[in-house]
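Asks:
2 protein chains.
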Amino acid sequence: MRATWSGWGDPPPFPEQLPSLVPGLSGRETPAVSLDDVELPESRLPDALRKIARTDREERVLHAAGKSYPDLIRLRSGDASGAPDGVIYPKSHDAVLRVLEVCAAEGVAVVPFGGGTSVVGGVEPLRGSFDSVVALDLARIDHLTTDRTSLLGTFGAGLRGPRAETRLNGRGLTLGHFPQSFEFATIGGYAATRSAGQASTGYGRFDKLVLGLRCATPAGDIVVKPFPGTAAGPSLRELLVGSEGTLGVITEATLQLRPLPGMRRYEGWSFASFDEGVEAFRQLAETHSAPDVARLSDEQETRLAMALSSSGSLTDKLGKGYLKARGHAGGCIVIAGYEGEPDDVTMRARAGGRVLRRGGGLFLGRRPGESWLRSRYHGPYLRDALLGRGVMVETLETSTTWTRLRELHTAVAEALGGAMAARGTPAVVGCHVSHVYPAGASLYFTWMGEREQGAELEQWRAAKTAAMDAIVSNAGTITHHHAVGRDHTPWMTAEVGEVGVEALRAVKERLDPAGIMNPGKLLP
Amino acid sequence: MRATWSGWGDPPPFPEQLPSLVPGLSGRETPAVSLDDVELPESRLPDALRKIARTDREERVLHAAGKSYPDLIRLRSGDASGAPDGVIYPKSHDAVLRVLEVCAAEGVAVVPFGGGTSVVGGVEPLRGSFDSVVALDLARIDHLTTDRTSLLGTFGAGLRGPRAETRLNGRGLTLGHFPQSFEFATIGGYAATRSAGQASTGYGRFDKLVLGLRCATPAGDIVVKPFPGTAAGPSLRELLVGSEGTLGVITEATLQLRPLPGMRRYEGWSFASFDEGVEAFRQLAETHSAPDVARLSDEQETRLAMALSSSGSLTDKLGKGYLKARGHAGGCIVIAGYEGEPDDVTMRARAGGRVLRRGGGLFLGRRPGESWLRSRYHGPYLRDALLGRGVMVETLETSTTWTRLRELHTAVAEALGGAMAARGTPAVVGCHVSHVYPAGASLYFTWMGEREQGAELEQWRAAKTAAMDAIVSNAGTITHHHAVGRDHTPWMTAEVGEVGVEALRAVKERLDPAGIMNPGKLLP
């Protein structure tokens, strides 16, 4: 299964109440062109690649972009002018190596392609200084072997989330990695982008799950052996994880697994304010009693979620009277999810609950949690519906220490709101905390406003730039789990410094001397 | 406080029962020469450095080596022919940068020096292709600021373990990092070598505690900001951690702290066999109920420890009759230590105890645990006593997955035993597991035999080579927490592969184009 060329998949109905919530929303129809009307440049490939590449319209358009807002705006308007010249589906690590050899010799750029779900331009098929570019789709490299004793699995990079989980679950195991892109994203993509999933507070970010890697680079293979702990120098594992296809192609990863949980308990809680909720989450982290899924929506996001909740599960117990009587009208909702053996889940939910209650939390029962769980992958489908009705909708994420978290939250929300208002398209900006660490937490922003017809990308760039500048001035990282891609490269020097960029560039030049690997990504 | 030039410190009496335990041990006196009799080459320094460097005998000898067996064998015999030409104590990050500038311009090698406790030749002042070398001792860079809200501390690299802990404890905090070198080792050294402490099963290896870093390189500064989680590309943090002074000088680290534990509970347990103990430890890891300190000695190490135990605390409850009646004669001892808030410690000790008991463990009460805790830093002092009585005594460590652990244990023990026997100096080889991960564990070997007079280094090299070859052929890492230094460089290619070495070399050449930083270490 893969996402549709113009978005995610089968969209739900447009929420007709949305224009009453977001100022200035017209709700006008803005449909995508049909696939046949997408403009596609001629394919230019050297003979050696023409024989093995697919060059049909659908394949090229499906690999012409990821799933960022600018990607979809361009594609839906019929612009696939940057589509790859061909799509190659190697069957094995060695086949990948051979393709890289040919591409380096012939001067063809290579974009490694997993699920194609990048929302930061990570799979945009830029040509760099070359005439041609191919997408290297890893879908056929999808093996899986498991070691139950050491709780390790060795995965082909092209294996997608659902298939991996189904196969693991059949063996009583789980990877526990559930990003919103779960239905389409691949193991290799998770590794290449330092993905974090919705349950990463408990299971750990994807970078923490990686023990071993196999990576094909133009300079040859790098094999990172799956040692549980090592002091053998700088970490090559951590150099390849997050390399976003710019150093080589990750073809295989050995990952930490867990026994399949015997029980899942998801709860809803309410806090009178975001500040109170943040402090309670900090206490959860400090006392090592954070749930596996820990999400706290700010006031704006809660208001939107309650208004849009179609199932009614959020609103029935959250009846305004109930919350108002307890001083939580206009407050913030929390989802707390615990997974594991029943005794353990019960004990941990009790410990977590004590901390939340002490911090001012109001227990809302399990229905809001279960409702969230059912709809955990719905966001991108809803986006398709909004894209069809003139809405600009976009997200970005960061993280910082607890000490700086509230300042950063305010600064980014104000930057987004200010930039959108300045263009005459005021936005609603919501945010949630979704990953909790001992030292701090992530912030995930969503904003919506009326789309500027004919100036969609300028509008997007104005808001994005304002937010990113606010992030780097307020001790935030430029990306918590979406990666750098193309969109964040202008802030990469602010993130790691000039000498830091030089160090990464040195590795890139050694492993990819021709510069064919995913040009225009990661490094400024 | 620093270690003595010829060893660690004030040695205990030689254990006179040792020759009855180790075949062929003579117990002959092998004293170190006096400091005045150590041979020291003339100091050769450019004027710019002569003004700021200390060049007196004691300083140069104190910085002439680390604390490995070959280091001490050479020094105790009066050979300081490789001593640095001078020792510089910079006061600040900027002063370090200036020293690097001068050294790069003048062609002087630089060895960053923390506690000088490397046991792998990591601070051996090799000159590389240069005429002179200076030791850059970071002792004066010892600031500390803490952020209680985010549980972070920012430490000067030269701060030593005890001073750091005292200052943190006064603020109700701990770093929880307690390697055997704790009394002398520094924060910068921990970071540069990927240290692991005795409590790292619970608190996490040092590399997991590092959030931020400041590093002075010949190409300029790298500042890694202390983000709790980030997806911004390959990890520069993980490139500098473990860089062993070959890329630059880590001058500051921002580290994850914990609240000072209100309770410490250390227990002793016994297992009938190492295999049973390993399986119980694996179960602890799988059920997330491992203690903060988890140590399991194999049969040989247990036998030695029981025989050498001076306090009698191991032997009184471990009376042979008691253990024999339970089928544990010749068995294996476990230390399980829990730290935290009292309720939490009680609950965790109960959970851990259930797993240990189910796995065949016999509870020996708290005295063996408390006895271990009192003597946790004694090992290197005892080594001084053995070095003075003709004993060859050395350690090495590795890790692998649970699946491969017992094979690796056997292979390394046989390699060490075989190599020593082949030289006519049969050895006792003991081992313990001291770090437990979900995927596997560490193995720490100690071996002792009669020292070969006049061929000490050849004897050492034969045993070391046999063990390292066994490690790389049996899925072990070449070092779990001692680092690569000089001694492990011949196996670095086996560890990370040729392309992996090239990637690291590329970074080295970019950050240190003159090649002055710690030549001869880390990279083959």
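So the sequence lines, in the order shown, correspond to chains A and B. Quick note on my numbering: the first sequence kicks off at 1 and runs consecutively. Quick note on my numbering: the second sequence kicks off at 1001 and runs consecutively. Ideal Cβ positions, reconstructed from N, Cα and C, are used throughout, including at glycine. Keep in mind that this is a model prediction, so the values were computed, not measured.
1) Since Tyr-1437 of chain B and Gly-204 of chain A are thought to touch, with beta carbons under 8 Å apart, how far apart are those beta carbons, to the nearest angstrom?
2) What in chain B is Cβ-close to Arg-437 of chain A, meaning under 7 Å?
3) Which whole-angstrom value is the C-beta distance of Glu-1450 of chain B and Gly-1086 of chain B, which I expect to be below 8 Å?
4) Nearest-angstrom Cα distance between Asp-131 of chain A and Glu-244 of chain A?
5) For Val-223 of chain A, return the contacting residues in chain B, with the cut-off set at a CB-CB distance below 7 Å.
6) Let me know the secondary structure DSSP gives Ser-132 of chain A once reduced to three states.
7) Check the Cβ-Cβ distances between Glu-339 of chain A and every residue of chain B, and say whether any is below 7 Å.
8) Leaving out the 5 sequence neighbours to the left and right, which residues in its chain are closer than 7 Å to Tyr-377 of chain A when beta-carbon positions are compared?
9) On the three-state DSSP scale, how would you describe Pro-70 of chain A?
10) Candidates B:Leu-1284, B:Asp-1207 and B:Ile-1478: which alpha carbon is nearest Trp-1402 of chain B's?
11) According to DSSP, is His-1378 of chain B part of a helix, a strand, or is it coil?
12) Going by DSSP, which residues form a beta bridge with His-432 of chain A?
13) Where do the ends of the beta strand (DSSP E) carrying Tyr-1190 of chain B lie?
14) Are at least three pairs of beta-carbons, each pair with one atom in the stretch 322-335 of chain A and one in the stretch 260-276 of chain A, less than 8 Å apart?
15) Can you tell me the Cβ-Cβ gap for Arg-1171 of chain B and Ala-1483 of chain B, rounded? I've got them flagged as a contact below 8 Å.
16) For Gly-1161 of chain B, name the three-state secondary structure that DSSP assigns.
17) Based on Cα-Cα distance, which residue from A:Ser-81, A:Ala-48, A:Tyr-69 and A:Lys-51 lies nearest to Arg-57 of chain A?
18) What span of residues does the beta strand (DSSP E) with Tyr-1203 of chain B cover, start to end?
19) Would you mind telling me which residues of chain B sit closer than 8 Å to Met-306 of chain A, beta carbon to beta carbon, in chain order?
20) Give a yes or no on whether the C-beta atoms belonging to Ala-1032 of chain B and Ser-1006 of chain B are separated by under 7 Å.
21) Just to confirm before moving on: does the CB-CB distance between Gly-1197 of chain B and Ser-1118 of chain B stay below 7 Å?
22) Spatial neighbours of Thr-1425 of chain B within its chain, please: C-beta separation below 8 Å, excluding the five flanking residues on both sides.
23) Is there contact here, the stretch 1251-1258 of chain B with the stretch 1151-1164 of chain B, by at least three beta-carbon pairs under 8 Å?
24) Under the three-state reduction of DSSP, which class applies to Leu-1236 of chain B: helix, strand or coil?
25) Using the beta-carbon count (16 or more within 10 Å), is Ala-422 of chain A buried or exposed?
26) What residues of chain B sit near His-482 of chain A, judged by a beta carbon separation below 7 Å?
27) I need the straight-line Cα distance from Val-1038 of chain B to Thr-1004 of chain B, nearest angstrom please.
28) Ala-1455 of chain B to Pro-1070 of chain B, Cα distance in whole Å?
29) According to a CB-to-CB cut-off of less than 8 Å, which residues of the stretch 1135-1150 of chain B neighbour chain A?
30) Quick one: measure Cβ to Cβ for Ala-1164 of chain B and Pro-1112 of chain B, integer angstroms, because I've assumed they're closer than 8 Å.
31) Report yes if the C-beta distance between Gly-1189 of chain B and Gly-1248 of chain B is below 7 Å; otherwise report no.
32) Once you ignore the five residues that flank Thr-1493 of chain B on each side, which residues in its own chain have a CB closer than 7 Å to its CB?
33) Quick check on Leu-168 of chain A - is its C-beta less than 7 Å from some C-beta in chain B?
34) Report the residues of the stretch 1460-1487 of chain B with a CB closer than 7 Å to any CB of chain A, ordered along the chain.
35) Taking 8 Å as the threshold, find out whether the stretch 1413-1422 of chain B comes into contact with the stretch 1464-1472 of chain B through three or more Cβ pairs.
36) Quick one: which chain B residues come within Cβ less than 8 Å of Arg-526 of chain A?
Replies: Reading from the atomic positions:
1) Taking the first residue of the second sequence as 1, we reach residue 1437 of chain B at position 437. Taking the first residue of the first sequence as 1, we reach residue 204 of chain A at position 204. About 12 Å separates the two Cβ atoms, so there is no contact after all.
2) Position 437 of the first sequence, counted from the first residue, corresponds to residue 437 of chain A. The sequence shown places Tyr at residue 437 of chain A, not Arg. The contacting residues are Pro-1228 and Gly-1229.
3) For this step, residue 1450 of chain B is matched to residue 450 along the second sequence. For this step, residue 1086 of chain B is matched to residue 86 along the second sequence. That pair is no contact at about 39 Å.
4) Position 131 of the first sequence holds residue 131 of chain A. Position 244 of the first sequence holds residue 244 of chain A. Distance between the alpha carbons of Asp-131 of chain A and Glu-244 of chain A: 21 Å.
5) Residue numbering aside, residue 223 of chain A sits at position 223 when the first sequence is read from its first letter. Near Val-223 of chain A (Cβ distances below 7 Å), the residues of chain B are Gly-1497.
6) Taking the first sequence and counting its residues from 1, one reaches residue 132 of chain A at position 132. Three-state DSSP puts Ser-132 of chain A in a strand.
7) Against the first sequence, residue 339 of chain A aligns to sequence position 339. So, not an interface residue.
8) Numbered from 1 along the first sequence, position 377 holds the residue referred to as residue 377 of chain A. Taken in chain order, the residues that qualify are Gln-180, Phe-182 and Glu-183.
9) Indexing the first sequence from 1 puts residue 70 of chain A at position 70. It is helical.
10) Here residue 1402 of chain B refers to the residue found at position 402 of the second sequence. For the residues B:Leu-1284, B:Asp-1207 and B:Ile-1478, the minimum Cα distance to Trp-1402 of chain B belongs to B:Leu-1284.
11) Translated into positions along the second sequence, residue 1378 of chain B becomes position 378. His-1378 of chain B falls in the coil class under three-state DSSP.
12) For the purposes of this step, residue 432 of chain A is identified with residue 432 of the first sequence, where counting begins at 1. His-432 of chain A is bridged to A:Ser-297 and A:Tyr-444.
13) Residue 1190 of chain B sits at position 190 when you count from the first residue of the second sequence. Premise fails: Tyr-1190 of chain B lies in the alpha helix (DSSP H), 1187-1193, not in any beta strand (DSSP E).
14) yes
15) Walking along the second sequence from the start, residue 1171 of chain B turns up at place 171. Walking along the second sequence from the start, residue 1483 of chain B turns up at place 483. The pair is not a contact, with the Cβ atoms about 30 Å apart (cut-off 8 Å).
16) Sequence index remark: in the second sequence, residue 1161 of chain B carries index 161 (1-based). Gly-1161 of chain B falls in the helix class under three-state DSSP.
17) Here residue 57 of chain A refers to the residue found at position 57 of the first sequence. The shortest C-alpha separation from Arg-57 of chain A is found at A:Ser-81.
18) Within the second sequence, numbered from 1, the residue matching residue 1203 of chain B stands at position 203. Premise fails: Tyr-1203 of chain B lies in the alpha helix (DSSP H), 1200-1203, not in any beta strand (DSSP E).
19) Taking the first sequence and counting its residues from 1, one reaches residue 306 of chain A at position 306. Result: empty, since nearest Cβ-Cβ is about 28 Å, beyond 8 Å.
20) By 1-based counting over the second sequence, the position of residue 1032 of chain B is 32. By 1-based counting over the second sequence, the position of residue 1006 of chain B is 6. Cβ atoms of Ala-1032 of chain B and Ser-1006 of chain B: closer than 7 Å.
21) Walking along the second sequence from the start, residue 1197 of chain B turns up at place 197. Walking along the second sequence from the start, residue 1118 of chain B turns up at place 118. No, they are not a contact pair.
22) One-based indexing of the second sequence puts residue 1425 of chain B at position 425. Same-chain partners within the cutoff: Gly-1024, Met-1392, Gly-1449, Glu-1450, Arg-1451, Glu-1452 and Gln-1459.
23) yes
24) Residue 1236 of chain B sits at position 236 when you count from the first residue of the second sequence. Note: Leu-1236 of chain B maps to coil in three-state DSSP.
25) Residue mapping note: residue 422 of chain A aligns to position 422 of the first sequence, counting from 1. When all chains shown are included, Ala-422 of chain A counts as exposed.
26) Residue numbering aside, residue 482 of chain A sits at position 482 when the first sequence is read from its first letter. The answer, in chain order, is Ala-1231.
27) Taking the second sequence and counting its residues from 1, the one referred to as residue 1038 of chain B is at position 38. Taking the second sequence and counting its residues from 1, the one referred to as residue 1004 of chain B is at position 4. Distance between the alpha carbons of Val-1038 of chain B and Thr-1004 of chain B is about 14 Å.
28) As a first step, residue 1455 of chain B is located in the second sequence; it is residue number 455 there, counting from the start. As a first step, residue 1070 of chain B is located in the second sequence; it is residue number 70 there, counting from the start. In a straight line, the C-alpha of Ala-1455 of chain B is about 11 Å away from that of Pro-1070 of chain B.
29) Asp-1147, Thr-1149 and Ser-1150
30) In the second sequence, the residue the question calls residue 1164 of chain B occupies position 164. In the second sequence, the residue the question calls residue 1112 of chain B occupies position 112. Contact doesn't hold; Cβ gap of about 18 Å is too wide.
31) The residue you call residue 1189 of chain B lines up with position 189 of the second sequence. The residue you call residue 1248 of chain B lines up with position 248 of the second sequence. It is not a contact, given that the beta carbons lie outside the stated cut-off.
32) Working through the second sequence from its first residue, we reach residue 1493 of chain B at position 493. Excluding sequence neighbours, Thr-1493 of chain B sits near Val-1501 and Pro-1524.
33) Indexing the first sequence from 1 puts residue 168 of chain A at position 168. No, because no Cβ of chain B sits closer than 7 Å to the Cβ of Leu-168 of chain A.
34) Thr-1477, Ile-1478, Thr-1479, His-1480, His-1481, His-1482, Ala-1483 and Val-1484
35) yes
36) In the structure as shown, chain A begins at 1 and stops at 524. Residue 526 of chain A is therefore absent and cannot be evaluated.
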